[in-house]
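**Q** For what it's worth, numbering that gives the first Met the number 0 labels the leading residue of the sequence shown as 0, then goes sequentially.
Handing you a structure now.
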Amino acid sequence: MEKNMAHTSIGLSSAEAAKKTQAGLHNDYEATASKTTTAIIQDNIFTLFNFLNVLIGIFLFAVGAYSNMFYLVIILVNITIGISQEIHARNLVKKLSLIAPQTLRVWRDGQISSHTSKELVLGDWVVLGAGDQIPADLTIQSGRVEVNEAMLTGEADLVVKQAGDRLLSGSFIVSGEVTAEVLHVGADNYAAKLSNEAKVHKPIRSELVSSIRRVSQFTSYVIVPLGVILFLQAYFLRDTGIKSSVIVSAAALLGMLPKGLVLLISIALTTGVIKLAKKRILVQEMHAIETLAHVDTLCLDKTGTLTEGKMRLEDVLPLQDTVDPHVFLGHYLAASTDNNLTMQALRESLPASTGENPLTRIAFSSERKWGAVSFDTLGTLFLGAPEKIAYSGELPEVKAAQVAGLRVLILAQSPKAYSSEEAFDPIDAQAIAVIVLSDIIRQNAQETLAYLTEEGIDLKVISGDNPIAVAAIAQRAGVPYADKAIDLSTLATEEEVRSAALRYTVFGRVTPEQKKLLVEELKAANRTVAMTGDGVNDVLALREADVSIAMAAGDSAARQIANFVLLDSDFTTLPDVLFEGRRVVNNVT
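Next up, the structure:
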């Protein structure tokens, strides 16, 4: 297909699309099959433990000892609880979806028509604009956009994409418009691969239940010959008759099978679920309460976990004695249309000035790393990264703030008033102020981390952001050994990532696959690992961890996959979950 913008050569014809749909090259697909309900029921019913209990019940039934068979009710309850828990966990994972259904503008038969994301086929040309979620992996044919890939990659900054670049399914377009060709469909999409990997069946982990099963297996080897011996002893040596001999033997054997412990554990965990619900903690996997009691390593995300996901203005440092930067910054805030986290923090702390007439505005861009506004009388004001404005990256005020892990912007002024975007030149401007901002650490974060550390839990901070900034925030939050930081984007192989897992505390520029590798390596070192997260980029690691904890304010994919959901999105409630898990273990043991 010719990749030019003549209408007759854009996209596919309806006939071509129909053929590709029939060939299965469409964007509607069945997710990887998880464990079936039949398999779950079979695995919970057909166990050696249940077989022995039922076998004893058959003998009791055969001799008419019906009143002695009520223990089978406990067995039935245990089976029902096991099946319901596993089906519930399976259904949560099946609901996992990283791409929301939407109606798109698609080129068909040389003109734009509306089609759902599931109706896309390989080779379709799609028009996407601000606010659209990318429905499949695409290659841009024309146009330019800024894309938010944070939920997939963890990177907070917007990414500029233009002709020839690829767009990952699941990410969002923030500004601009493009025409793009569908590169992958269905299960071949990046988001689908991520989702399918997260949907791989994972058996419920419970140390208590596993211990009971080991005891049951051991007793199972001796229970049959022992049963025969007890029956023969009662029948021949004591001459008690068949019925009495069966009842006596059954009573002795049933006492060796820990059927009541499984029910006791379930009751104790159910009580824990109710108590945690009162504290705004949703438990989606009951046995995870117990597993959390054994956790010795906790992996934390920065944004939304250690921090509130908001910024705060720390200081405005004047660089010119004759200029009041607050006045100029007020004019900029009043005229700019930007509404990112930085601008929100500035507007909350500084009053916007009115009276100056803006001529031209340039929105902040992650590619330029600056924004600007031209005025009638003030010339042009620039606001952006120090390395991009007025050669100010070497200023001592800038370096000191950056070393402390703070965000630094430069406010600069040029006497020129520009009338077109192409004419703007921030290098010729004169820096008039250094603006210092910081991420807001969650209230009580330090106390929570101190408590977890005292309980012997090793803390790891894993983020898609700059490792220097993440390490500084981790230090402010009280994470021990936060100075041991590494940029995982500098590691080329899987082996290098795995070797870093135990040697470092803070990990920056981490991809979703690397997050999973880190958790895998920690588990391979006999650690019991808990993971907190709130985005699609956390899903693989959440699924791999022994215990997964999601924030209610995060992405639905993270909530669906997690064992716990913090309904107030406040990780400082983790000690409550830890305490409840240890209470359950102590009560049962």
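No residue lacks a Cβ here, since even glycine has one placed at the ideal position from N, Cα and C.
These figures come from a predicted structure and were not determined experimentally.
Pick out whichever of His25, Asn188, Phe58 has its Cα sitting closest to the Cα of Ala250.
**A** Residue mapping note: residue 250 aligns to position 251 of the sequence shown, counting from 1. Selected option, being the one with the closest Cα: Phe58.
**Q** So, helix, strand or coil for Asp486, using DSSP?
**A** Along the sequence shown, one-based indexing puts residue 486 at 487. Three-state result, Asp486: strand.
**Q** Comparing C-alpha positions only, which one of Asp545, Ile461, Leu260 sits nearest to Glu512?
**A** For the purposes of this step, residue 512 is taken as residue 513 along the sequence shown, with counting starting at 1. Out of Asp545, Ile461, Leu260, Ile461 has the C-alpha closest to the C-alpha of Glu512.
**Q** Could you please give the first and the last residue of the uninterrupted alpha helix (DSSP H) stretch that includes Ser113?
**A** If you number the sequence shown from 1, residue 113 lands on position 114. From DSSP, Ser113 is part of no alpha helix (DSSP H) but of the beta strand (DSSP E) over 110 to 115.
**Q** Using the Cβ count rule (16 or more neighbours within 10 Å means buried), how would you classify Ser568?
**A** Here residue 568 is taken as the residue at index 569 of the sequence shown, counted from 1. Looking at its Cβ environment, which holds 16 or more other Cβ atoms inside 10 Å, Ser568 is buried.
**Q** Looking at C-alpha atoms only, which residue of Ala64, Ser66, Tyr65, Leu71 is the closest neighbour of Leu51?
**A** The count along the sequence shown starts at 1 and reaches residue 51 at position 52. Ranking Ala64, Ser66, Tyr65, Leu71 by Cα distance to Leu51 puts Leu71 first.
**Q** State the CB to CB distance for the pair Ala179 and Val146, rounded to an integer number of angstroms; the pair is presumed to be in contact (CB under 8 Å).
**A** Counting from one through the sequence shown, the residue named residue 179 turns up at place 180. Counting from one through the sequence shown, the residue named residue 146 turns up at place 147. Contact flag wrong, Cβ pair sits at about 11 Å.
**Q** Give the straight-line distance between the Cα atoms of Val528 and Leu47, rounded to the nearest whole angstrom.
**A** For the purposes of this step, residue 528 is taken as residue 529 along the sequence shown, with counting starting at 1. For the purposes of this step, residue 47 is taken as residue 48 along the sequence shown, with counting starting at 1. When rounded, the distance between both Cα atoms is 31 Å.
**Q** In its own chain, which residues sit with a C-beta less than 7 Å from the C-beta of Met4, not counting the 5 before and 5 after it?
**A** Here residue 4 corresponds to residue number 5 of the sequence shown, with the count starting at 1. Legend: pLDDT at Met4 = 45, less than 50; position of this residue unreliable, value from coordinates given subsequently. Result list for Met4: Ser141, in chain order.
**Q** Is it a yes or a no for the region 20 to 29 touching the region 183 to 192, going by three-plus beta-carbon pairs under 8 Å?
**A** As far as the Cβ criterion goes, the region 20 to 29 touches the region 183 to 192, which means the pair count is three or higher.
**Q** Determine the DSSP secondary structure at His25, reduced to helix, strand or coil.
**A** To locate residue 25, count along the sequence shown from 1; it is residue 26. In the structure shown, His25 sits in a strand (DSSP, three-state: E or B).
**Q** Can the beta-carbon of Gly547 be found closer than 9 Å to that of Ala561?
**A** Locating residue 547 in the sequence shown gives position 548, where the first residue counts as 1. Locating residue 561 in the sequence shown gives position 562, where the first residue counts as 1. Sequence check: residue 547 is Ser here, not Gly. Yes. Within cutoff.
**Q** So what does DSSP say about Ile133, is it helix, strand or coil?
**A** To locate residue 133, count along the sequence shown from 1; it is residue 134. Reduced to three states, the DSSP call for Ile133 is coil.
**Q** Check this for me: beta carbons of Leu386 and Lys415, under 9 Å apart or not?
**A** As a working note, residue 386 is residue 387 in the sequence shown. As a working note, residue 415 is residue 416 in the sequence shown. One point to set straight first is that residue 386 is Glu, not Leu, in the sequence displayed. It is not a contact, given that the beta carbons lie outside the stated cut-off.
**Q** Reducing DSSP to helix, strand and coil, say where Ser413 ends up.
**A** To locate residue 413, count along the sequence shown from 1; it is residue 414. Strand.
**Q** Comparing alpha-carbon positions, which option in Lys160, Thr218, Thr302, Asp164 lies nearest Asp554?
**A** In the sequence shown, the residue the question calls residue 554 occupies position 555. Taking only the C-alpha atoms, the option nearest Asp554 is Thr302.
**Q** Is there contact here, the region 431 to 451 with the region 302 to 322, by at least three beta-carbon pairs under 8 Å?
**A** Flag = yes, the region 431 to 451 and the region 302 to 322 touch.
**Q** Can you list, in chain order, the residues of its chain whose CB lies under 7 Å from that of Ala99, leaving out five sequence neighbours each side?
**A** Position 100 of the sequence shown, counted from the start, is the residue given in the question as residue 99. Same-chain partners within the cutoff: Gln132.
**Q** Run through DSSP, which three-state label would Asp314 get?
**A** Locating residue 314 in the sequence shown gives position 315, counting from the first residue. Strand at Asp314.
**Q** Run through DSSP, which three-state label would Asp337 get?
**A** Stepping through the sequence shown from its first residue, residue 337 is reached at position 338. Asp337: coil per DSSP, three-state reduction.
**Q** Distance, Cα to Cα, Ser12 vs Thr20?
**A** Taking the first residue of the sequence shown as 1, we reach residue 12 at position 13. Taking the first residue of the sequence shown as 1, we reach residue 20 at position 21. When rounded, the distance between both Cα atoms is 12 Å.
**Q** Could you give the DSSP three-state label for Leu127: helix, strand or coil?
**A** The residue labelled residue 127 in the question sits at position 128 within the sequence shown. Strand.
**Q** Quick one: is Ser112 buried, meaning 16 or more other Cβ sit within 10 Å of its Cβ, or exposed?
**A** Counted from its first residue, the sequence shown places residue 112 at position 113. By the neighbour-count rule (16 or more Cβ atoms within 10 Å), Ser112 is not buried but exposed.
**Q** Do Thr336 and Ala371 have their CB atoms nearer than 9 Å?
**A** Walking along the sequence shown from the start, residue 336 turns up at place 337. Walking along the sequence shown from the start, residue 371 turns up at place 372. Contact: no.
**Q** List the residues that DSSP assigns as beta-bridge partners of Pro591.
**A** Here the chain has residues from 0 to 588 only, and residue 591 is not among them.
**Q** Suppose contacts are defined by Cβ-Cβ distances below 9 Å. Is Leu297 in contact with Phe563 by that definition?
**A** For the purposes of this step, residue 297 is taken as the residue at position 298 of the sequence shown. For the purposes of this step, residue 563 is taken as the residue at position 564 of the sequence shown. Contact flag unset, no.
**Q** What separation, rounded to the nearest whole angstrom, lies between the Cα atoms of Asp537 and Lys514?
**A** The count along the sequence shown starts at 1 and reaches residue 537 at position 538. The count along the sequence shown starts at 1 and reaches residue 514 at position 515. Approximately 7 Å, taken between the alpha carbons.
**Q** Give me whichever residues DSSP pairs with Leu281 in a beta bridge.
**A** Position 282 of the sequence shown, counted from the first residue, corresponds to residue 281. Answer is Val564.
**Q** What is the residue span of the beta strand (DSSP E) that Gly553 lies within?
**A** By 1-based counting over the sequence shown, the position of residue 553 is 554. From DSSP, Gly553 is part of no beta strand (DSSP E); its letter is neither H nor E.
**Q** Could you tell me which of Asn90, Leu54, Val62 sits nearest to Ile74, measuring between CA atoms?
**A** Residue mapping note: residue 74 aligns to position 75 of the sequence shown, counting from 1. For the residues Asn90, Leu54, Val62, the minimum Cα distance to Ile74 belongs to Leu54.
**Q** For Asp314, tell me which candidate among Phe381, Ala333, Leu408, Met255 has the shortest Cα-Cα distance.
**A** Locating residue 314 in the sequence shown gives position 315, where the first residue counts as 1. When only C-alpha atoms are compared, the closest one is Leu408.
**Q** Scan the region 441 to 479 and note each continuous beta strand (DSSP E) run of 3 residues or more that stays entirely inside, going in chain order.
**A** With a minimum length of 3 residues, the continuous beta strand (DSSP E) runs that stay inside the region 441 to 479 are 457 to 461.
**Q** Determine the contact status of His293 and Val584, defining contact as a CB-CB distance below 9 Å.
**A** Locating residue 293 in the sequence shown gives position 294, counting from the first residue. Locating residue 584 in the sequence shown gives position 585, counting from the first residue. Cβ distance < 9 Å, so His293 and Val584 count as in contact.
**Q** How is the alpha helix (DSSP H) around Gln591 delimited, first residue to last?
**A** An answer regarding residue 591 cannot be provided, because it is not within the stretch 0 to 588 covered by the chain.
**Q** When we look at the beta-carbon of Ile228 and count the other beta-carbons within 10 Å, is it buried (16 or more) or exposed?
**A** For the purposes of this step, residue 228 is identified with residue 229 of the sequence shown, where counting begins at 1. The residue in question, Ile228, is exposed, as its Cβ has fewer than 16 Cβ neighbours within 10 Å.
**Q** Using only CA atoms, which one of Ser243, Ser219, Asn43 lies nearest to Tyr65?
**A** For the purposes of this step, residue 65 is taken as the residue at position 66 of the sequence shown. The shortest C-alpha separation from Tyr65 is found at Ser243.
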